[in-house]
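K.L.:
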Amino acid sequence: MDKFLLAMAFALALTSLICLVRVIVGPTRGDRIIGINVVGTKTIVIIALIAFILRETYFLDVVLVYALISFVASIFISREFAEEADEAQEEGHFHA
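For the sequence shown, position 84 (counting from the first letter as 1) is numbered 98 according to our numbering, and the numbering increases by one without interruption.
So this is what it looks like as structure tokens:
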């Protein structure tokens, strides 16, 4: 069972790297924001899997803190993105 969970953690890490390509390449800010959120979510799951494999409960505290920080950062970045879009729309030249 531990080998399976370790393989899943490795697979999630690999797919996180693929999501990082989306963050770097884009092409839009929305794609980058979603890519960052996906990487953060996968990181949370990887840490939880490692906590389960090692049978260490303090990693779950790390997961909770990381999830809260990721959530607050997502809200902040999305709010900034929405405000910029509103300003551009008011000026008459909206760029996604």
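For each residue, glycine too, the CB sits at the ideal point set by N, CA and C.
Quick check: the Cα distance between residue 19 and residue 89, rounded to an integer number of angstroms?
P.N.:
31 angstroms
K.L.:
For residue 27 versus residue 60, is the C-beta distance shorter than 8 angstroms?
P.N.:
yes
K.L.:
Starting from residue 55, trace the alpha helix (DSSP H) in both directions and tell me its first and last residue.
P.N.:
43-68
K.L.:
Exposed or buried, which one is residue 53 when buried takes at least 16 other CB atoms within 10 Å?
P.N.:
With 16 or more other Cβ atoms from the protein chains shown falling within 10 Å of its own Cβ, residue 53 counts as buried.
K.L.:
Can you look up residue 117 in the DSSP assignment and give me helix, strand or coil?
P.N.:
Summary: the structure shown does not reach residue 117, with the chain confined to residues 15 through 110, and so no result is reported for it.
K.L.:
Any contact between the region 38-51 and the region 69-78? By contact I mean 3 or more CB pairs, one from each, below 8 angstroms.
P.N.:
no
K.L.:
Who are the Cβ neighbours of residue 29 in its own chain at under 7 angstroms, not counting the five residues just before and after it?
P.N.:
56
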